[in-house]
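>
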Amino acid sequence: MFPQIKILNLDTRVKFFLDIPDSLKWYLLTQVMIIVHSKVFEPFGIAVVEGMFLGAVSVVYKGFLSGPWIDIVDRGKYGFGFRDEVELSNIIENLLNDYNLWSNFSKKAVLRSDYFSYINFKRNLIELLAKRGVIGNV
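Mapped onto UniProt numbering, the consecutive letters of the sequence shown carry residue numbers 1 to 138.
1) On a Cα-Cα basis, can you pick out the residue from 110, 130, 125 and 22 that is closest to residue 34?
2) Skipping 5 residues on each side, what residues in its chain have a beta carbon closer than 7 Å to that of residue 55?
3) Give me, in chain order, the residues of the same chain whose beta-carbon lies closer than 8 Å to that of residue 73; leave out the 5 immediate sequence neighbours on both sides.
4) Using a 10 Å radius around the Cβ and a threshold of 16 neighbouring Cβ atoms, would you call residue 66 buried or exposed?
5) Exposed or buried, residue 36, counting other C-beta atoms within 10 Å across all chains shown (16 or more means buried)?
6) On the criterion of 16 or more Cβ atoms from any shown chain inside 10 Å, does residue 93 qualify as buried, or is it exposed?
7) Restricting to Cα atoms, I'd like to know which of 25, 2 and 62 is closest to residue 87.
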């Protein structure tokens, strides 16, 4: 992917960061328009939700072992999925060139991220446990 970024003259707009401190991560997430998650196998992908919380549009690997694709972006409802580099680059190009498309999915991303908040997780867990009879009705 790195050579394609140079070929397309995107090296001033695309950056890769690995293993950074939380403070830098949160700062960078306030600056991005798109977050890409390319792992083929990922049980969940908290970084995707963190990016969505701050309005980044998610572009994740589209596969049956991709938690971000299935659980977070809900198979394209709240973000985009790709299977190869060409599809990924086309999605990114479309988002960067179509502000309305980006804005629409950015708003969806923020709303979707709330589903994974601590408060919602706690409420959903209590409801599930009550429904299964593990705890009394709340």
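All C-beta atoms in this analysis are idealised placements derived from N, C-alpha and C, irrespective of residue type, glycine included.
Let me lay it out:
1) Measuring from the Cα of residue 34, the nearest candidate turns out to be 110.
2) Scanning its chain for C-beta atoms nearer than 7 Å, with the 5 sequence neighbours on each side dropped, one finds around residue 55 the residues 106, 109 and 110, in chain order.
3) These residues qualify, in order along the chain: 48, 58, 60, 79, 80, 81 and 112.
4) By the 10 Å Cβ count, residue 66 comes out buried.
5) Its Cβ being crowded by 16 or more others within 10 Å, residue 36 is buried.
6) Of the other Cβ atoms in all chains shown, fewer than 16 fall within 10 Å of the Cβ of residue 93; this residue is therefore exposed.
7) Cα-wise, what sits closest to residue 87 is 62.
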